[in-house]
Amino acid sequence: MAKILIVEDEKEMAIGLKDNFEFDGHNVSIASDGEEGLVLAESETPDLIILDVMLPKKSGFDVCRELRAKGVRIPIIMLTARGQEIDKVLGLELGADDYITKPFSVRELLARVKAVMRRSSEQEETNNSVIKIGPVNVNFGQYKAWDDNGGTVDFSYKEFEILKYFIDHQNQIITRDALLNDVWGYEVYPSSRTVDNFIVKLRKKIEPDPNHPKHILTVYGIGYKYIP
Ligand code: CA
């Protein structure tokens, strides 16, 4: 089934959970402090991590934060103590997928595990789906694009973001301001001319005839419209 890493210093709790997960057909390893948890999370690449907050050497929050900072996206369910309301919020802001408050029933935890794993596999599916834009195939999860002959088409990160935005708002009129706000956001504010320059570059890559675009249309005086 799945590989689960339990990071928990209370031995009884860790072994109890391990037995239950194994009974459900999962493969389980245990780390008994934060540092070991961090090491095993990277070396064993589990499908899910059950991460206690109060741990020796490194707190569960630190482990979660460090993993996310390294780009590790393994789903994490945090175990918090009763009354750690602030901690719950923190856990989710740090990139945890869910939390459960001690004491909890094993059945409830197993249900959360199933839900988190289902969400994560759905997400993976979206990330791995390929979208066709003119003569170009794009995988937004992997930031990869290629033409029908398999040749790589190079898009910058920003170009991918703009394309994604167009696809999410296809057949709608997109103002330059909306693009600036939603794609550039709080970064150093570029002028609407920057947007236009990006559009010129994108058209060269996805339009069979960039001078007569069929996908990224100009809406004069307003902005753009993407037609798939
Ligand atoms: Ca603990």
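Mapped onto my numbering, the consecutive letters of the sequence shown carry residue numbers 241 to 468. From the three backbone atoms N, C-alpha and C, an ideal C-beta is built for every residue, glycine too.
Tell whether a beta-carbon distance below 9 Å holds between residue i and residue j.
| i | j | result |
| --- | --- | --- |
| Glu282 | Lys310 | yes |
| Val376 | Ile446 | yes |
| Arg305 | Leu334 | yes |
| Leu245 | Ser269 | yes |
| Ala254 | Met357 | no |
| Asp287 | Ile314 | yes |
| His409 | Tyr466 | yes |
Between residue i and residue j, which are expected to be in contact by the criterion C-beta below 8 Å, what is the C-beta distance as a whole number of angstroms?
| i | j | result |
| --- | --- | --- |
| Lys291 | Val247 | According to the sequence provided, residue 291 is Leu. The question's Lys does not apply to it. Confirmed, about 5 Å. |
| Ile462 | Phe406 | With 8 Å as the limit, Ile462 and Phe406 do not qualify as a contact, their Cβ atoms being about 15 Å apart. |
| Gly274 | Gly300 | 7 Å |
| Leu442 | Glu399 | 6 Å |
Taking the C-alpha atoms as reference points, what is the distance between residue i and residue j?
| i | j | result |
| --- | --- | --- |
| Lys298 | Gly374 | 50 Å |
| Leu420 | Gln412 | 16 Å |
| Met318 | Gly265 | 21 Å |
| Asp422 | Pro468 | 20 Å |
| Asn368 | Gln382 | 7 Å |
| Phe438 | Gln363 | 28 Å |
| Tyr464 | Gly391 | 28 Å |
| Phe261 | Val378 | 38 Å |
| Trp424 | Pro343 | 44 Å |
| Ile414 | Ser272 | 52 Å |
| Ser345 | Val370 | 40 Å |
| Ala321 | Val459 | 55 Å |
| Thr341 | Lys384 | 40 Å |
| Leu403 | Arg352 | 34 Å |
DSSP on residue i, reduced to helix/strand/coil?
| i | result |
| --- | --- |
| Thr415 | strand |
| Thr341 | strand |
| Ile446 | helix |
| Asp292 | strand |
| Val312 | coil |
| Asn267 | strand |
| Ala281 | helix |
| Lys354 | helix |
| Gly300 | helix |
| Ala321 | strand |
| Ile255 | helix |
| Gly461 | coil |
Hey, does residue i have any beta-carbon neighbour from chain D nearer than 9 Å?
| i | result |
| --- | --- |
| Val393 | This model lacks chain D altogether, as it is built from one protein chain only. |
*Just jot down, in chain order, the residues whose CB lies closer than 5 Å to any heavy atom of ligand 2.*
Ligand 2 is absent from the structure shown, which contains only ligand 1.
*Counting only runs that start and end within the region 369 to 444, where is the beta strand (DSSP E) found for 3 or more residues in a row?*
Whole beta strand (DSSP E) segments, 3+ residues: 370 to 373, 376 to 379, 384 to 387 and 413 to 415.
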